[in-house]
Structure formats: C-alpha cells, structure tokens
Amino acid sequence: MSKVITVSSLKGGVGQTATVLNLGYSMSRLGPKVLVIDAAPQSGAGMASNARQKNSAGLLELLKGKAKAADVIVSAREGGLDFLGSGPVEAEEVIFFEKEAFRGNLTKVIRSVTDKYDYVFIDTATGLSVITYVCMALSSSVIVPLAPNALAVKSLASMLKFFRRVRMRANRNLVLEGLLFTMTDHTSPYEVSLINDVREGFPPQVFFETVIPYDPAFEQANARATVLAMLPEGENAGRAYLDLAVEMRLREMAQTRKEVENGQDNGIF
Amino acid sequence: MGKITEFSEFAEAVKIANELVAQSAVAISARKMGHRALTVHAKPSASFAPGPSQEKIAAALAPNASLLKEDPLPGPATPIHDAVLARPSRLATPAPKGSQAAKDGIYRGDKLANALYAMCQRGGFSGALIVDDNGLPLAVHQSPVPEEAIGAFAIVLGTALAKAGKLLGQHNAENISIDINYTEKIVLRRFMLGQSPGYLLVICPQEVDERGEVELSIEQIAQILKRA
Numbered sequence: 027m028s029k030v031i032t033v034s035s036l037k038g039g040v041g042q043t044a045t046v047l048n049l050g051y052s053m054s055r056l057g058p059k060v061l062v063i064d065a066a067p068q069s070g071a072g073m074a075s076n077a078r079q080k081n082s083a084g085l086l087e088l089l090k091g092k093a094k095a096a097d098v099i100v101s102a103r104e105g106g107l108d109f110l111g112s113g114p115v116e117a118e119e120v121i122f123f124e125k126e127a128f129r130g131n132l133t134k135v136i137r138s139v140t141d142k143y144d145y146v147f148i149d150t151a152t153g154l155s156v157i158t159y160v161c162m163a164l165s166s167s168v169i170v171p172l173a174p175n176a177l178a179v180k181s182l183a184s185m186l187k188f189f190r191r192v193r194m195r196a197n198r199n200l201v202l203e204g205l206l207f208t209m210t211d212h213t214s215p216y217e218v219s220l221i222n223d224v225r226e227g228f229p230p231q232v233f234f235e236t237v238i239p240y241d242p243a244f245e246q247a248n249a250r251a252t253v254l255a256m257l258p259e260g261e262n263a264g265r266a267y268l269d270l271a272v273e274m275r276l277r278e279m280a281q282t283r284k285e286v287e288n289g290q291d292n293g294i295f
Numbered sequence: 025m026g027k028i029t030e031f032s033e034f035a036e037a038v039k040i041a042n043e044l045v046a047q048s049a050v051a052i053s054a055r056k057m058g059h060r061a062l063t064v065h066a067k068p069s070a071s072f073a074p075g076p077s078q079e080k081i082a083a084a085l086a087p088n089a090s091l092l093k094e095d096p097l098p099g100p101a102t103p104i105h106d107a108v109l110a111r112p113s114r115l116a117t118p119a120p121k122g123s124q125a126a127k128d129g130i131y132r133g134d135k136l137a138n139a140l141y142a143m144c145q146r147g148g149f150s151g152a153l154i155v156d157d158n159g160l161p162l163a164v165h166q167s168p169v170p171e172e173a174i175g176a177f178a179i180v181l182g183t184a185l186a187k188a189g190k191l192l193g194q195h196n197a198e199n200i201s202i203d204i205n206y207t208e209k210i211v212l213r214r215f216m217l218g219q220s221p222g223y224l225l226v227i228c229p230q231e232v233d234e235r236g237e238v239e240l241s242i243e244q245i246a247q248i249l250k251r252a
C-alpha cells in the first residue's frame with residue numbers, strides 16, 4: 027500500500043515545490059518506487075523539472091478522460107521516480123480543475139495512479155483551496171515546509187487549523203508528518219534565534235530533525251530543470267534532502283517498533 | 025512585542041500542535057529526545073586554496089617551533105568560536121582554463137571543503153580539517169588557528185593514536201578526543217587513504233555527540249578522495 031504525502035503551505039516561497047521534487051528524488055534513491063504529483067494548476071513542479079517538456083499532458087487530461095495514466099506519467103532517467111504533471115491548465119481551466127476536485131473526480135484520478143508506488147508526494151498550490159483539501163483528504167500524511175521568517179511562522183496557525191479540519195471532516199487517519207524548516211541560513215543570528223524559539227515553543231515531535239539550508243544551487247537547479255542532487259554545486263542541499271528521506275524511513279521503523287511494542291505485529295512476513 | 029513567540033498566532037499554532045500530539049495526529053518521531061538547538065555558523069569560507077609547503081609543516085612540527093611555543097589555541101574557558109568568526113574567509117582559486125577541474129566546475133579541495141561545511145552545519149561543529157599523513161591540510165573549514173598549526177597538531181594526535189596500537193595493543197583505535205578548554209573539544213578520526221592514513225579533525229562543543237556525523241562524513245570524504 028502506498029504512502030501518500032501532501033506537501034502544503036499557506037505561505038508562498040518557502041521551498042514547497044523544491045521539497046516535493048528533491049525529497050521525491052532522494053526517496054527514490056533509497057529504493058522505494060516514488061511518484062510525484064503536481065496538483066497545483068500553475069504547474070510549479072512541472073516547470074521546475076523538465077517533465078513538461080517530455081510530456082505536457084497530465085491530471086487535466088485524466089480528469090477530462092482524454093488520456094490514460096500510462097500516457098501522461100513521465101519516468102525519470104535514473105528510474106524509481108515517476109512524475110504526473112497537472113497538464114496545460116489555462117486560466118479558464120483552473121475553475122474546471124477546482125470543480126473536479128469538489129466533485130471528487132480528482133480524488134478518483136489520483137487514487138487510480140498511486141497503487142503501484144511505495145511513496146506518492148503531492149505538490150499542492152500555495153494557500154488553502156479545495157484542491158489542497160482534497161489532496162489532504164486522500165493522503166496518509168502532510169509535510170508543511172516552513173521558512174524561518176515571521177510571516178511563515180504566523181501563517182502556521184491557519185495551516186494547522188485547516189489540517190485539523192480535514193482530519194475531523196474527511197480523513198481521520200491523516201497525520202502531520204512534520205514541519206520542515208527550509209531555506210535556512212545558519213549564518214544569520216536572526217534566523218537561528220527564530221528557529222530555536224519556534225522549536226522551544228512547539229512540542230518537539232512536530233518538527234523534522236533535518237533542516238534544509240538555503241543554497242544558491244536551488245536557483246541553478248530550477249534553471250537547469252533538475253534536482254539538487256544531480257548538480258555538482260548542489261551536493262550540500264541535496265544531501266539535506268537525502269537526510270530527510272532517511273529520517274522519514276527511520277520514523278517508519280520507529281512506528282513499526284511501537285506497533286510491536288503494542289502487540290500489533292504479525293511477524294516479519 | 026518583538027519575539028515571534030509573543031504573537032497570538034504563535035500561541036494559537038502551539039495550542040493546535042499540542043492538541044494534534046495529544047490525538048496522536050503527528051507521525052512518530054525517530055528520536056526520543058528533543059531537538060538540538062541550532063547555533064549560528066560563520067559564513068563558510070569559499071574553499072581551501074593550495075596548501076602550505078612541506079617546509080612550513082616541518083617547521084611547525086619541530087620541537088622549538090614558534091607556533092607550538094606560542095600556544096596558538098586560546099586559553100582555558102575561552103570559546104574559540106569568536107576567534108573562528110573573526111578569521112577572514114579564503115578566496116576560491118579559479119580552476120585553470122581547460123583543466124579537468126574547470127570542466128568539472130569544482131576542485132577536489134572545494135568538494136572536501138563543502139563536505140566539511142555540510143558536516144559542521146549538521147553536527148553543530150565549530151570547524152573541521154582533513155590532513156594527510158604529512159600534516160598537509162587537504163581541506164579546512166573554519167580553522168581557529170593557522171592551518172599549518174592545526175595540521176601539525178593533527179599529526180601529533182595521530183602519532184598518539186599510533187602509539188595506542190603499539191603500547192596498548194589497541195590497533196583498531198581510530199579516535200582521539202581532547203578537551204581544549206571548558207567548553208570545546210577536538211576530535212581526531214583516523215582513516216585510510218589507500219595505504220597511508222589520513223585524519224579528519226573536528227572542533228566542537230563538548231556536549232555534542234559527534235561520532236555519528238563524523239562516521240557518515242568519513243565515507244563521503246573517502247569517496248571524494250578516491251575519485252580524485
């Protein structure tokens with residue numbers, strides 16, 4: 027059964043799309059089969075990678091019934107990672123996209139493609155919308171990227187309220203995978219102080235241990251339509267996403283240990 | 025009102041987060057303890073330029089070497105972090121046009137320096153250095169004293185490690201740790217570069233458990249050196 031993770035943020039420019047692409051790639055390097063879905067009508071992930079050049083069709087065609095999943099999913103060169111874009115969403119089709127999400131058709135389409143993957147990462151549009159609601163409703167967990175600035179932290183309450191609402195109304199099994207500090211500058215005393223203040227205030231388990239540093243290589247990766255780990259100059263930031271993927275796998279092992287502790291295990295096979 | 029924690033939005037977010045934790049709506053953490061507090065790091069030095077000459081190293085290693093007589097490390101209870109911050113960054117040496125380094129876009133020294141920088145950021149270390157068995161620094165990140173001096177000191181510690189093998193019969197001893205003041209320590213990890221040893225030296229707060237991060241980075245460093 028695949029683990030579907032929505033990456034969502036109320037505040038823009040916090041590295042949401044970069045997180046989806048780089049975490050998806052890093053996770054696939056660890057072995058699992060990964061699908062990245064760009065559910066944002068503005069196609070941020072599609073533009074940040076060269077997937078749109080390979081195949082411009084995507085969710086929109088699936089929603090219209092004009093294509094089959096196999097025709098719109100793009101596979102990465104190195105294998106293990108597939109990409110499903112949003113398709114060529116024009117201004118008037120944004121409403122169609124949202125309506126389809128409201129009618130439940132987006133859920134059906136996404137569910138129809140997730141089965142054969144171990145992990146599915148969904149990039150949603152920034153902010154709160156029907157699409158974000160639907161994506162969270164069909165997900166196992168949510169990652170919230172958080173840049174170390176006051177506005178991003180202040181917007182967190184709204185994001186968590188939204189998450190709580192989805193959990194209460196639509197998906198009782200939804201969990202918060204974690205808040206992820208992104209674009210951090212360890213040389214800035216202000217940012218370091220803000221991160222430490224925020225971490226001290228919140229219960230520790232809501233944060234990922236891994237912190238993603240800001241790196242100019244992010245921009246280079248976008249310009250070259252690739253992921254950080256593929257760039258020689260992106261080694262550091264790319265390594266942080268690999269650390270994040272490892273941390274997620276370790277969490278799953280910890281979850282298994284907890285289940286064994288509670289007598290819910292059924293043996294190794 | 026100045027700190028983010030004083031805003032009502034922050035208090036509200038914390039309240040919801042606590043509720044979610046109480047409802048087991050947060051994924052289980054891989055760590056049982058809390059997060060380590062982040063520390064401010066100095067701006068990373070761009071890269072390590074070609075190293076000092078063997079003569080300088082020999083001079084630093086000599087018994088009457090001025091570097092050792094002057095005791096370049098600050099005295100007890102004086103954190104060296106400030107000294108690190110005060111040091112100017114080195115400038116990157118551009119790769120000669122047409123060279124393999126230029127084609128690859130990066131020197132081996134740059135890659136090693138990047139690896140050290142990343143390790144220090146993740147581990148909360150103040151600085152780090154890689155030296156070969158002659159004491160020649162291959163890469164440095166935030167050295168509190170001149171590279172020649174700390175390279176020489178790494179060899180002194182490396183020699184002590186070798187003695188552990190001979191005198192104590194502990195031939196697998198690869199680590200040595202020394203408290204340099206009340207708050208910081210230097211840890212040396214020996215690793216093999218082909219047939220000869222290399223050393224990774226890190227400077228970090230005494231409360232930091234550096235082993236995991238050092239072991240992870242050794243592998244990366246060895247790979248970079250192997251590819252060179």
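Sequences listed follow chains U and E, in order. The numbering of the first sequence is my numbering, which starts it at 27 and goes up by one. The numbering of the second sequence is my numbering, which starts it at 25 and goes up by one. Backbone N, C-alpha and C define an ideal beta-carbon position, used for all residues, glycine too. The model shown is predicted, which means the values in this text are computed figures rather than measured ones.
Q: Using only alpha-carbon positions, find the residue among E:L225, E:H165, E:L217, E:D203 that is nearest to I179 (chain E).
A: E:L225
(Q) Give me the residue from E:G218, E:I200, E:E243 with the minimum Cα distance to I227 (chain E). (A) E:I200
Q.
With a threshold of 9 Å between beta-carbons, can K37 (chain U) be considered close to chain E, or not?
A. no
Q. Any idea what DSSP makes of V30 (chain U), helix, strand or coil?
A. strand
Q) With which residues is K135 (chain E) paired in a DSSP beta bridge? A) Answer by DSSP bridge pairing: none, since K135 (chain E) is not bridged.
Q: Would you please verify whether the beta carbon of L115 (chain E) is less than 9 Å from any beta carbon of chain U?
A: At L115 (chain E) the pLDDT is 31, less than 50, meaning the model places this residue with poor confidence and gives no usable figure here.
Q | Cβ neighbour criterion (16 or more within 10 Å) applied to M209 (chain U) | A | buried
Q: Let me know the beta strand (DSSP E) ranges lying completely inside the stretch 129-204 of chain U, each 3 residues or longer, listed in chain order.
A: 145-149, 167-172
(Q) What does the alpha-carbon distance come out to for the pair R132 (chain E) and A246 (chain E)? (A) 12 Å
Q.
Give me the DSSP bridge partner(s) of N199 (chain E).
A. E:R213
**Q.** Contacts of V40 (chain U) in chain E (Cβ-Cβ under 8 Å)
**A.** Neighbours of V40 (chain U) on chain E: none; closest Cβ ~15 Å, over 8 Å.
Q.
Contact criterion: CB-CB distance below 9 Å. Does G50 (chain U) meet it with respect to chain E?
A. no
Q. At a CB-CB cut-off below 8 Å, which residues of chain C make contact with F147 (chain U)?
A. You won't find chain C in this structure, because its protein chains are U and E.
Q.
Tell me whether the stretch 215-230 of chain U and the stretch 188-202 of chain U touch, counting them as touching only if at least three CB pairs, one residue from each stretch, are closer than 8 Å.
A. no
Q: Flag this pair as yes or no: are the beta carbons of D108 (chain U) and V62 (chain U) separated by less than 9 Å?
A: yes
Q: Look at L136 (chain E) and L217 (chain E) and say whether their C-beta atoms are less than 9 Å apart.
A: no
Q: Show which residues of chain E have a CB atom less than 8 Å away from the CB atom of A243 (chain U).
A: What A243 (chain U) touches in chain E: nothing, since even the nearest Cβ is about 11 Å away.
Q) If you count every other CB in all the chains shown that lies within 10 Å of the CB of K90 (chain U), and 16 or more means buried, which is it? A) exposed
Q.
Buried or exposed, going by whether 16 or more other CB atoms sit within 10 Å of the CB of P239 (chain U)?
A. buried
Q) What are the residues of the stretch 145-174 of chain E that lie near chain U, defined by any Cβ-Cβ distance shorter than 9 Å? A) Q145, R146
Q. Under 9 Å, do A173 (chain E) and S167 (chain U) count as touching if we go by C-beta distance?
A. no
Q: Taking 9 Å as the cut-off, decide whether the C-beta atoms of L185 (chain E) and R214 (chain E) are in contact.
A: yes
Q.
Once the 5 residues before and after F154 (chain U) are set aside, which same chain residues still bring their CB inside 6 Å of it?
A. The amino acid at residue 154 (chain U) is misidentified as Phe; the sequence shows Leu. Cβ within range, chain order: F188.
Q.
Using a Cβ-Cβ cutoff of 7 Å, what residues of the stretch 123-153 of chain U are near chain E? List them in chain order.
A. none
Q.
I want to know whether the stretch 197-213 of chain U touches the stretch 239-249 of chain U - three or more CB-CB distances under 8 Å.
A. yes
Q. Do you know how far the Cα of S241 (chain E) is from the Cα of P76 (chain E)?
A. Note that P76 (chain E) scores 39 on pLDDT, short of 50, meaning its location in the model is unreliable; the coordinates nonetheless yield the value given after this. About 24 Å.
Q) Taking Cβ-Cβ distances shorter than 7 Å, what residues in chain U pair up with I40 (chain E)? A) A183, L186, K187, R190
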